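Inspection log for the structure reproduced underneath, given as structure tokens.
There are 2 protein chains.
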Amino acid sequence: MSDRSAGGVGKAPRLEDVAQLAKVSKATAARALNGSDLVTTSTRDRVLTAANALNYRVNGLARAMSAGESRTIGLVIADISNSFFDRATRAIIDTAAKHDYQVLVINTDDNLDAEAQAVRVLLEKRVDGMIVVPSSRTKYGHLISSTGPLIPLVLLDRRIPDLTVGTVTTDDYSSAVEAVRLFASRGHTRLGMLVNSADHREVDGDDPNGTVSTIFDRVSGFRAGLAEFDLLDEPTWIRYSRHDHRHAVSVARELLSTPGGPTAILTTNADAALAVIDACNELHLALGGKIGLVSFDDAPWAQVFRPSISVVDRPVYALGQAAVETLLAQLQNRGAPVRSREMRNTLIDRDSVGYVGPPVPPHRSAPDSGDLSPSG
Amino acid sequence: MSDRSAGGVGKAPRLEDVAQLAKVSKATAARALNGSDLVTTSTRDRVLTAANALNYRVNGLARAMSAGESRTIGLVIADISNSFFDRATRAIIDTAAKHDYQVLVINTDDNLDAEAQAVRVLLEKRVDGMIVVPSSRTKYGHLISSTGPLIPLVLLDRRIPDLTVGTVTTDDYSSAVEAVRLFASRGHTRLGMLVNSADHREVDGDDPNGTVSTIFDRVSGFRAGLAEFDLLDEPTWIRYSRHDHRHAVSVARELLSTPGGPTAILTTNADAALAVIDACNELHLALGGKIGLVSFDDAPWAQVFRPSISVVDRPVYALGQAAVETLLAQLQNRGAPVRSREMRNTLIDRDSVGYVGPPVPPHRSAPDSGDLSPSG
DNA sequence: CTGAAAGCGCTAACAC
DNA sequence: GTGTTAGCGCTTTCAG
Numbered sequence: 001m002s003d004r005s006a007g008g009v010g011k012a013p014r015l016e017d018v019a020q021l022a023k024v025s026k027a028t029a030a031r032a033l034n035g036s037d038l039v040t041t042s043t044r045d046r047v048l049t050a051a052n053a054l055n056y057r058v059n060g061l062a063r064a065m066s067a068g069e070s071r072t073i074g075l076v077i078a079d080i081s082n083s084f085f086d087r088a089t090r091a092i093i094d095t096a097a098k099h100d101y102q103v104l105v106i107n108t109d110d111n112l113d114a115e116a117q118a119v120r121v122l123l124e125k126r127v128d129g130m131i132v133v134p135s136s137r138t139k140y141g142h143l144i145s146s147t148g149p150l151i152p153l154v155l156l157d158r159r160i161p162d163l164t165v166g167t168v169t170t171d172d173y174s175s176a177v178e179a180v181r182l183f184a185s186r187g188h189t190r191l192g193m194l195v196n197s198a199d200h201r202e203v204d205g206d207d208p209n210g211t212v213s214t215i216f217d218r219v220s221g222f223r224a225g226l227a228e229f230d231l232l233d234e235p236t237w238i239r240y241s242r243h244d245h246r247h248a249v250s251v252a253r254e255l256l257s258t259p260g261g262p263t264a265i266l267t268t269n270a271d272a273a274l275a276v277i278d279a280c281n282e283l284h285l286a287l288g289g290k291i292g293l294v295s296f297d298d299a300p301w302a303q304v305f306r307p308s309i310s311v312v313d314r315p316v317y318a319l320g321q322a323a324v325e326t327l328l329a330q331l332q333n334r335g336a337p338v339r340s341r342e343m344r345n346t347l348i349d350r351d352s353v354g355y356v357g358p359p360v361p362p363h364r365s366a367p368d369s370g371d372l373s374p375s376g
Numbered sequence: 377m378s379d380r381s382a383g384g385v386g387k388a389p390r391l392e393d394v395a396q397l398a399k400v401s402k403a404t405a406a407r408a409l410n411g412s413d414l415v416t417t418s419t420r421d422r423v424l425t426a427a428n429a430l431n432y433r434v435n436g437l438a439r440a441m442s443a444g445e446s447r448t449i450g451l452v453i454a455d456i457s458n459s460f461f462d463r464a465t466r467a468i469i470d471t472a473a474k475h476d477y478q479v480l481v482i483n484t485d486d487n488l489d490a491e492a493q494a495v496r497v498l499l500e501k502r503v504d505g506m507i508v509v510p511s512s513r514t515k516y517g518h519l520i521s522s523t524g525p526l527i528p529l530v531l532l533d534r535r536i537p538d539l540t541v542g543t544v545t546t547d548d549y550s551s552a553v554e555a556v557r558l559f560a561s562r563g564h565t566r567l568g569m570l571v572n573s574a575d576h577r578e579v580d581g582d583d584p585n586g587t588v589s590t591i592f593d594r595v596s597g598f599r600a601g602l603a604e605f606d607l608l609d610e611p612t613w614i615r616y617s618r619h620d621h622r623h624a625v626s627v628a629r630e631l632l633s634t635p636g637g638p639t640a641i642l643t644t645n646a647d648a649a650l651a652v653i654d655a656c657n658e659l660h661l662a663l664g665g666k667i668g669l670v671s672f673d674d675a676p677w678a679q680v681f682r683p684s685i686s687v688v689d690r691p692v693y694a695l696g697q698a699a700v701e702t703l704l705a706q707l708q709n710r711g712a713p714v715r716s717r718e719m720r721n722t723l724i725d726r727d728s729v730g731y732v733g734p735p736v737p738p739h740r741s742a743p744d745s746g747d748l749s750p751s752g
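Going down the list, the protein sequences come from chains A and B. Quick note: the first sequence uses the numbering used here, first residue 1, plus one each step. Quick note: the second sequence uses the numbering used here, first residue 377, plus one each step.
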């Protein structure tokens, strides 16, 4: 039971055991193991051999305690099993590993309480910093103390306008504008939007304050696009649905079966796109013909579908990577100024936009596509 | 810089700070905080108030050190951004959280060295146990010591025949047999298989020893199915491809464009199915007509595609959940006998199987579908 | 170059 | 009920 040499059941060897076997002090053993150059080659060898013989592994917990850093970062994310976040998570874990950090992952389902709870747990586990995908644009009390973020923090994918912390996002506002332009160039004049959101209540026309920034940006950009072409901005054509295929399909169906309703839909993610496609299947509507679709996020199936789906491709991997790098930079140098990055999406036009008429002319000279940015 | 009361920069309050403020000893403070009932209500209140005032959070590292458990488990998985593993991961994280455990996730890309490295790191971080998706059926030296698993361990999704540890899998062997039966019932006599695997070399006909158990089982089951109907078991019709869409498509194309080649394909995952669909697109083949497809894993898009894809739906969430529960049971009671579970898949027949002729009769009286099991 | 010793913050005996 | 104290295993001055 208390056999010390056997693996499995016996206790793990400690630094002291190694030191004893190598006939040196703990301090020397530690130095040898950690590659300090204040050790003779011969003693170092003795220590290494001993460590090897005992199959010694440092106790990271003990090291973390005394060193004051756990080399662990926390990731607070909406839902790992989402085709966007899973890839972001992949990037984060891999990038962190490259720098010898591990990551503790927690899902929130975009629930604010769950998010606060996750932060609490991570704080207790003494992560060195965290990356969070905030579930609210406005509520962030759980992320700060009186003087700023509780620990080094970077926001991924979504901004919190009032919180000055490192943030890594994409230019969704202008991508939405571009999507509208694409629709307009194929003659679509009645545009709708299907927003897949945890918070699926219809939001206020002017300032959907409860929503996360990505959705806020996409909706705002979409509406700015409508204005650019003087197209009808009909509130009921911007519909919200839950993260639930059946519900999303029913909303999509309503959108597409309204007489005189939209002929083209912009969706905020791949799941919503699937709902639109399904609705078209059910209603026997010609997607890519009289009906147009553009979706945010380039899911693996999007280019295999027939018609292949036009998408706003987001640099997911790079986003996750940047988040980690921003965080690590902060860890290295806590006084460093906050650095945020907005990365560029790419509109990939495939076959789902369709064609219903000649290009719609812009209302007045269109603003440069270069520098549109959201107000919030 | 060393401001103690300010958040953010100042040091975090310790148990001792709380104790002092509440005018009790550390022990009492600890008891109050941890809900021991050997404390007066009044002192408990004082302590709680103090803790609150200081915004105290236990130092989980310190607790872990002295308690001897970190309440953290490690997850070593092939690739989180895969539509199967992402959902399994989701289940694992959520189930663990429910029991107040957090999860450290590491990707291996099915690389054995990466897996060994991951295990090493997790061991150093002193996780209480780990769940691993092993990248080899035969190499597991990094998982054990002379007396058994290094720490409580459960294998997810794939077995290691020679390793007696808790394992949670699905009955892929019989599902593959069933898939063959389904093809046979629609007249398909020439069946092929597209295997999407990190280890994409063609494996030996009889014992693909290098592959992971799921693939081994699926291929074995497939071939058993062929035997059942006395169908041609042509080695070149079982093709392996990398986790790379272009490559998979080219392999699928070869499979489908061989004159006299297979008219139906069983794929081992959703990505491979996408490759087959893409190949059919390119070759203008009538999927769901003269060409049949069944895929392992029910991806979100499978039922939305036209034709909708027939699949072997695997109980992913339950699988992850069971893995955690098995592991925690082991943690509770280390002497407990190893418990493994094989969960049942469900063949969902949609519209991609097609029809090429009357049902093929079984060669001899077919074995009961009930209890087929792989040899390895 | 090497060793002794003081913590890191908490839990769990063990006294009172 | 509450306090004292001895670790948990490591890093890191500070001496030698």
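We treat Cβ as the ideally placed atom computed from N, Cα and C, and that holds for glycine. These numbers were taken from a predicted model, which means no experiment stands behind them.
Helix, strand or coil at residue i [DSSP, three-state]
i	result
T644/B	coil
Q478/B	strand
P235/A	helix
L391/B	helix
E342/A	strand
L499/B	helix
D206/A	Per-residue confidence for D206/A stands at a pLDDT of 45, beneath the threshold of 50, marking its modelled position as unreliable; no derived number is given.
S145/A	strand
G412/A	This structure cannot speak to residue 412/A, because chain A is shown only from 1 to 376.
L526/B	coil
T448/B	strand
S197/A	coil
L663/B	strand
N82/A	coil
Y318/B	Residue 318/B cannot be examined here, being either before or after the span of chain B that is shown, 377 to 752.
Selected residue, minimal CA-CA separation from residue i, among the options
i	options	result
T546/B	A698/B, G636/B, L669/B	A698/B
E279/A	W301/A, V251/A, N269/A	Going by the sequence as given, residue 279/A is Ala instead of Glu. Ranking the options by Cα distance to A279/A, first place goes to V251/A.
D421/B	K515/B, V394/B, D489/B, T465/B	V394/B
P362/A	T346/A, N196/A, K139/A, L226/A	L226/A
V154/A	A179/A, D128/A, S174/A	D128/A
V452/B	T484/B, N435/B, G436/B, Y477/B	T484/B
A275/A	L255/A, N111/A, N333/A	L255/A
D533/B	S671/B, K474/B, A464/B, M569/B	A464/B
D298/A	T326/A, L327/A, T41/A, I348/A	I348/A
L122/A	R339/A, L150/A, N111/A	L150/A
L704/B	Y477/B, T416/B, A467/B	Y477/B
R246/A	P676/B, L570/B, I667/B	P676/B
Q332/A	L61/A, H99/A, G74/A	H99/A
V356/A	E342/A, R314/A, S295/A, T263/A	T263/A
Cross-chain neighbours of residue i in chain B, by beta carbon under 7 Å
i	result
G124/A	Correcting the residue identity first, residue 124/A is Glu in this sequence and not Gly. Within 7 Å Cβ-Cβ: R433, V434, G436.
Amino acids of chain A, ordered along the chain, whose beta-carbon sits closer than 8 Å to that of residue i
i	result
T514/B	Under the 8 Å cutoff, chain A gives no residues; its nearest Cβ is about 20 Å from T514/B.
D455/B	R90
Closer than 7 Å: residue i CB and nearest the ligand PLP heavy atom
i	result
T484/B	With respect to the ligand PLP, the structure shown offers nothing to examine, as it has no ligands at all.
Cut-off 6 Å between Cβ atoms - residues of its own chain near residue i, not counting five sequence neighbours on either side
i	result
G664/B	P683, D727, S728, G730
R218/A	D172, A176, T268
A50/A	V18, L21, A22
A91/A	Y317, G320, Q321
Chain A residues whose Cβ lies nearer than 9 Å to that of residue i
i	result
V687/B	Residues of chain A passing the Cβ test: none, with the nearest at roughly 14 Å.
L480/B	T72, Q102, V103, L104, V105
Nonlocal neighbours in the same chain, by C-beta distance under 7 Å from residue i, ignoring five residues either side
i	result
G205/A	Unreliable positioning characterises G205/A in this predicted model, as indicated by a pLDDT of 45, which lies under 50. The coordinate reading is nonetheless provided below. Here the set comprises P235.
R120/A	none
L424/B	A408
S70/A	A64, R126, V127, D128
A118/A	V76, I106, T108
D79/A	F85, N107, D109
* Asked: What residues in the stretch 51-77 of chain A bring their beta carbon closer than 9 Å to a beta carbon of chain B?
  -> N55, R57, V58, N59, G60, L61, A62, R63, A64, M65, S70, R71, T72, G74, L75
* Using a Cβ cut-off of 8 Å, which residues of the stretch 462-477 of chain B contact any Cβ in chain A, in chain order? -> D462, R463, T465, R466, I469, D470, A473
* Residues of the stretch 273-284 of chain A with Cβ closer than 8 Å to any Cβ of chain B, in chain order -> L274, I277, D278, N281
* Closer than 9 Å, Cβ to any Cβ of chain B: which residues of the stretch 224-246 of chain A, in chain order? -> H245
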